[in-house]
Structures are given as structure tokens and as C-alpha cells.
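Worksheet for the structure shown next.
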Amino acid sequence: MDRNDLKVRAEGDRTIVITRSFDAPRALVFGAWTKPELLKRWLLGPDGWTFASCEVDLRVGGRYRYVWVNADGSRLTLGGEFREIAAPSRLVATEVFEGEPQFGEGLSVLELNETGGRTVVTQTVTYPSHDARDNMLASGMEAGMASSFTQLDDLLASEAVAQGVGP
Amino acid sequence: MNEMLRAEHLDQTFAALADPTRRAILARLAKGEASVGELTAPFAMSQPAISKHLKVLEAAGLVSRGRDRQRRPCRLEPEALTRATAWIEECRNLWERRFARLDGILDELQQQAEVAEEGRNGQE
Numbered sequence: 000m001d002r003n004d005l006k007v008r009a010e011g012d013r014t015i016v017i018t019r020s021f022d023a024p025r026a027l028v029f030g031a032w033t034k035p036e037l038l039k040r041w042l043l044g045p046d047g048w049t050f051a052s053c054e055v056d057l058r059v060g061g062r063y064r065y066v067w068v069n070a071d072g073s074r075l076t077l078g079g080e081f082r083e084i085a086a087p088s089r090l091v092a093t094e095v096f097e098g099e100p101q102f103g104e105g106l107s108v109l110e111l112n113e114t115g116g117r118t119v120v121t122q123t124v125t126y127p128s129h130d131a132r133d134n135m136l137a138s139g140m141e142a143g144m145a146s147s148f149t150q151l152d153d154l155l156a157s158e159a160v161a162q163g164v165g166p
Numbered sequence: 000m001n002e003m004l005r006a007e008h009l010d011q012t013f014a015a016l017a018d019p020t021r022r023a024i025l026a027r028l029a030k031g032e033a034s035v036g037e038l039t040a041p042f043a044m045s046q047p048a049i050s051k052h053l054k055v056l057e058a059a060g061l062v063s064r065g066r067d068r069q070r071r072p073c074r075l076e077p078e079a080l081t082r083a084t085a086w087i088e089e090c091r092n093l094w095e096r097r098f099a100r101l102d103g104i105l106d107e108l109q110q111q112a113e114v115a116e117e118g119r120n121g122q123e
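Line by line, the protein sequences are chains A and E. Numbering that gives the first Met the number 0 applies: residue 0 is where the first sequence begins, and numbers increase by one. Numbering that gives the first Met the number 0 applies: residue 0 is where the second sequence begins, and numbers increase by one.
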């Protein structure tokens, strides 16, 4: 069982696509993504951030609101409106960071595909601008700066093969 | 570099990387510097078209041009690319930790479902 098949990629200049498979039927995965008591246990922020509150009104036009707080009392609030609910296969919602109007409104599409009791989840978040997307985690970037050149080589090598200009 | 400037630079990097021809140019430059002519050869594209892509890559800090007036060789500047991959890596780390917790919860839910099932069978 491969639990480490997570893929995160930037698509174009304002979309992020996250893919991961889970060893569970999609009804359970969908539940874990939409029930506050379960969300609170896994959808935490970066280290040190915990849930202050988690509210979900799961119906089309209903809203959700997640509030995270860190040790120094700073808060981060993400909320939005459900646009499309097709349990347990698809969930579409808007996404807005409260108090950060410059980021505007994003759109998140969650898709769950089940095969033989395993579920592949694809989450596609499209931000209103590339600024919004890149600002999302810009503050955490210093930590990741040490990222190795091997990784860079791999990226370029895979591109080279894809483009047919490789060796 | 301050936060705003850095984020702005990253925008340009991602915008530059969004194009397959530009990514192929970077892949070629990862093997060593090259002139515009050498870069044009593998593509069904004119030299001016490739030069246009190079200008975008230069503005994004991904490529620099040499001083040799005749040839002006293009060189990969890996630092901008490293920043972009570091950003993706940060995002990946966050979700990796979240999903590891979610795995645990899903296991627990499935065990509970099994126990409930056994309980029902036992009562029959």
C-alpha cells in the first residue's frame, strides 16, 4: 500500500493541483473532508497552528469557516460557500482568506474516485491571480530554500524527456 | 529581499514556467550554456520567437545572457527555479502532514465500522 503518492503541482500561473490516494472508500474520505469533528483532527495549519473553530453548513449556498490560531495568538480564517455538492464524489466551494482582501476569492474543486476500496482525491484550487497563489505560502519559503539541486535536476530532466529534447 | 518583492518575483517565475517551450529551453540550458541559434535548432520555431521566450525567462531571473557580443550565450540561473520548487515543496510538506493524520482517522473509522458490523452479526 503506497500512502506516499502525494503530488503537488502548480498548473499555469494561478492553479495548484494536489493529488493523493487513501486506503478507504470515498464515502469515508468525503466525510472526513466535510464533518467538522473530523476536519478539526487533520486539516491543521503549519506547525504550531491549531483549530480555534471549524464550522460547516454542508448544502449548496451554505458556508464553511475554519479559524486557526497559533501560539502567539495570531489568527488565520478561511471561509467560503459551497457551490456544488455531489457526495461522495465531488465538492465545489469558493475560498476566501478573511482580512486578506487582496487575495480575492479562489475556487476549490474536490474530486474523489474510488477503485477497489481505495480513493484517489484530486483537489484543484484556482486563485483569482497568481499573486494570490504565490502569496499563500511565501512566508514559509525561507525554510524551504535549502531545497536541493538534485530535485531541480529531476524536474528539468523530466521536462527534457517530455519535450523530446533530452539525450 | 522583502516578502512582497519575493512573492512578485515568484509570480514571474511561475508565469515563465507555465509555457512548455520555455521549460524545454531551461531543460536544454541545464546541460550547459547555448546560443540563441543552438536553442532554436530543436524547435519548429523562428529565432525571433525563441528570443521572445528568452526575454521572458531573463525577466523572471531564470536565464542570463553572456557578454560575448557575437554569441551572447544563454545560461540557466538555477536560483529562481529553486525558489519556485521550494515553494511547491513547502506546500507539499503541509499537505503531507495533514494527509498522514487523515490516514490515521480513516483507519480508525474503518475499524469502528468493522466492530459495529461484528456487533450486529453477533446479535443475529
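All C-beta atoms, glycine included, are put in the ideal place defined by N, C-alpha and C.
Task: Interface residues of chain A facing R100/E [CB-CB closer than 7 Å] - done: Sequence index remark: in the second sequence, residue 100/E carries index 101 (1-based). Within chain A, the residues near R100/E are R40, W41.
- [ ] Under the assumption that T76/A contacts R64/A (Cβ atoms under 8 Å), give the Cβ distance between them as a whole number of angstroms.
- [x] Here residue 76/A is taken as the residue at index 77 of the first sequence, counted from 1. Here residue 64/A is taken as the residue at index 65 of the first sequence, counted from 1. Contact flag correct, Cβ pair sits at about 7 Å.
Open item on the list: Starting from L37/A, trace the alpha helix (DSSP H) in both directions and tell me its first and last residue.
Closed with: Against the first sequence, residue 37/A aligns to sequence position 38. Here the alpha helix (DSSP H) through L37/A covers 35-41.
Open item on the list: Out of E107/E, L80/E, I49/E, T84/E, which one is the CA nearest neighbour of T20/E?
Closed with: Translated into positions along the second sequence, residue 20/E becomes position 21. Closest option to T20/E, Cα to Cα, is I49/E.
Open item on the list: Counting only Cβ pairs nearer than 8 Å, list the residues of chain E close to V124/A.
Closed with: Walking along the first sequence from the start, residue 124/A turns up at place 125. Within 8 Å Cβ-Cβ: nothing; V124/A doesn't reach chain E, min ~10 Å.
Task: Identity of the residue in E10/A, V16/A, L37/A, V124/A nearest D106/E by Cα - done: Here residue 106/E refers to the residue found at position 107 when the second sequence is read from its first residue. Checking every option, the nearest Cα to that of D106/E belongs to L37/A.
Open item on the list: If you reduce the DSSP assignment to three classes, tell me which class S73/A lands in.
Closed with: Mapped onto the first sequence, residue 73/A falls at position 74. If DSSP states are grouped into helix, strand and coil, S73/A belongs with coil.
- [ ] Take F13/E as the anchor and find which of T84/E, N120/E, E116/E, A23/E has the nearest alpha-carbon.
- [x] For the purposes of this step, residue 13/E is taken as residue 14 along the second sequence, with counting starting at 1. Comparing Cα-Cα distances from F13/E to each of T84/E, N120/E, E116/E, A23/E, the minimum goes to T84/E.
Open item on the list: With the cut-off set at 8 Å, would you say E113/A and P24/A are in Cβ contact?
Closed with: Here residue 113/A corresponds to residue number 114 of the first sequence, with the count starting at 1. Here residue 24/A corresponds to residue number 25 of the first sequence, with the count starting at 1. Yes, Cβ-Cβ distance for E113/A and P24/A is below 8 Å.
Open item on the list: Can you check whether the C-beta of C90/E is within less than 8 Å of a C-beta belonging to chain A?
Closed with: Within the second sequence, numbered from 1, the residue matching residue 90/E stands at position 91. Closer than 8 Å: yes.
Open item on the list: So for D122/A, helix, strand or coil by DSSP?
Closed with: Numbered from 1 along the first sequence, position 123 holds the residue referred to as residue 122/A. For clarity, residue 122/A is Gln in the given sequence; the question names Asp instead. Three-state result, Q122/A: strand.
TODO: Out of R62/A, V91/A, L42/A, L57/A, state which residue places its alpha-carbon closest to the alpha-carbon of V68/A.
DONE: Here residue 68/A is taken as the residue at index 69 of the first sequence, counted from 1. Out of R62/A, V91/A, L42/A, L57/A, L42/A has the C-alpha closest to the C-alpha of V68/A.
Task: Residue range of the alpha helix (DSSP H) that includes V55/E - done: To locate residue 55/E, count along the second sequence from 1; it is residue 56. Counting along the chain, the alpha helix (DSSP H) containing V55/E begins and ends at 46-58.
- [ ] Quick one: give me the first and last residue of the alpha helix (DSSP H) that A23/E is part of.
- [x] Here residue 23/E is taken as the residue at index 24 of the second sequence, counted from 1. Run containing A23/E: 19-28, per the alpha helix (DSSP H) assignment.
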